[in-house]
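In full-length UniProt numbering, the protein residues as written are 1 to 155. Worksheet: the structure to be examined is printed underneath.
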Amino acid sequence: MSVRVLLAVVLAAALIGVAMPAIHEAQAARADQQLSGSVDRLTAGATDLTRHNDPVQPGVPGARRQVSVTIPPKPAGVSLSIEPASGNGTDTVLRTSVPGEPDSITRLSMPVRPVGTERAVRWNDTLVLDDSSDLTLRYRLVDGRPVVTVARGFK
């Protein structure tokens with residue numbers, strides 16, 4: 001009887017060991033799909049703001065877009081970052097990271113920059129999202145330059 005139990009445990013462990021790579025691959029594929037949708041929503045929101053609105057001074061009510069970004073909890077280490085493109089003060093890079101996969105990069109030909117807690121634009125900062133978030137995009141004129149600002153929450 002104990003041999004049967006031992007054999008069943010060994011067989012179950014072997015099956016789990018064989019299935020784990022497929023499970024991790026499926027998690028990575030799903031994460032990539034969800035991140036791609038989030039990048040599409042961010043891109044569409046920022047593009048819509050700049051095409052159909054004029055930038056306004058900070059503190060003046062203006063156009064805004066709410067965007068929900070979905071970051072899956074598994075696999076661990078999944079993220080989406082909004083960062084200034086290197087060597088160019090006007091472009092933005094949306095970088096998605098899934099462990100075990102090469103980063104995916106989408107380049108926007110507009111400045112999309114985070115705002116700090118004091119509501120100042122962070123020209124050189126990167127906003128890293130490692131959990132699902134609601135974002136508010138606004139089209140602002142800061143220091144004479146048009147910029148799409150991004151803040152967490154629907155504020």
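Ideal placement from N, C-alpha and C gives every residue a C-beta, glycine not left out.
Q.
For the stretch 63-75 against the stretch 21-35, do three or more pairs of beta-carbon atoms, one drawn from each stretch, fall closer than 8 Å, so that the two count as touching?
A. Segments in contact, yes.
**Q.** Completely contained beta strand (DSSP E) runs for the UniProt domain "DUF7311" (3-150), where each covers 3 or more residues
**A.** Segments of the beta strand (DSSP E) lying fully in the UniProt domain "DUF7311" (3-150): 64-69, 79-84, 92-97, 104-108, 112-114, 127-129, 133-142.
Q.
Would Thr96 and Pro84 qualify as a contact pair, given that the criterion is a beta-carbon distance under 8 Å?
A. Here residue 96 corresponds to residue number 96 of the sequence shown, with the count starting at 1. Here residue 84 corresponds to residue number 84 of the sequence shown, with the count starting at 1. Contact check for Thr96 against Pro84 fails: the beta carbons are separated by 8 Å or more.
Q: Could you name the residues of the same chain whose beta carbon sits closer than 7 Å to that of Val121, not counting the 5 residues immediately before and after it, in chain order?
A: Taking the sequence shown and counting its residues from 1, one reaches residue 121 at position 121. Here the set comprises Arg113, Val115, Val142, Val147, Thr149.
Q. Using the beta-carbon count (16 or more within 10 Å), is Thr50 buried or exposed?
A. To locate residue 50, count along the sequence shown from 1; it is residue 50. The residue is buried, with at least 16 neighbouring Cβ atoms inside 10 Å.
Q: To the nearest angstrom, report how far apart Pro55 and Val18 are at their CA atoms.
A: By one-based count along the sequence shown, residue 55 stands at place 55. By one-based count along the sequence shown, residue 18 stands at place 18. Roughly 55 Å separates the two Cα atoms.
Q) So Gly153 and Asp131 are in contact, right, with Cβ under 8 Å, and what is the actual spacing, rounded? A) Reading the sequence shown from its first residue, position 153 is the one you call residue 153. Reading the sequence shown from its first residue, position 131 is the one you call residue 131. No, Gly153 and Asp131 are not in contact; Cβ-Cβ is about 13 Å, not under 8 Å.
Q) Roughly how many angstroms lie between the CA atoms of Ser109 and Gln34, to the nearest whole one? A) Your numbering for residue 109 matches position 109 in the sequence shown. Your numbering for residue 34 matches position 34 in the sequence shown. Distance between the alpha carbons of Ser109 and Gln34: 23 Å.
Q) Once you ignore the five residues that flank Leu127 on each side, which residues in its own chain have a CB closer than 7 Å to its CB? A) The residue you call residue 127 lines up with position 127 of the sequence shown. The answer, listed in chain order, is Ser81, Ile82, Pro114, Val150.
Q) With Arg41 and Leu137 assumed to form a contact (beta carbons below 8 Å), what rounded beta-carbon distance in angstroms separates them? A) The sequence position of residue 41 within the sequence shown is 41, counting from 1. The sequence position of residue 137 within the sequence shown is 137, counting from 1. Taking 8 Å as the upper bound for CB-CB distance, Arg41 and Leu137 are not in contact here, some 10 Å apart.
Q: Mind reading off the beta-carbon distance from Ser104 to Val69? Whole number of angstroms is fine, and I expect it under 8 Å.
A: Start at 1 with the first residue of the sequence shown, and residue 104 comes out as number 104. Start at 1 with the first residue of the sequence shown, and residue 69 comes out as number 69. Incorrect: roughly 14 Å between the Cβ atoms, too far for contact.
Q) Going along the chain, which residues of its own chain have a beta-carbon closer than 6 Å to the beta-carbon of Pro58, five neighbours each way excluded? A) Looking up residue 58 in the sequence shown gives position 58. The answer, listed in chain order, is Arg140.
Q: Would you kindly check if the distance between the Cβ of Asn53 and the Cβ of Gly45 is under 8 Å?
A: Here residue 45 refers to the residue found at position 45 when the sequence shown is read from its first residue. Here residue 53 refers to the residue found at position 53 when the sequence shown is read from its first residue. Contact flag unset, no.
Q. What is the rounded straight-line gap between the Cα of Trp123 and the Cα of Val10?
A. Your numbering for residue 123 matches position 123 in the sequence shown. Your numbering for residue 10 matches position 10 in the sequence shown. Roughly 57 Å between the two C-alpha positions.
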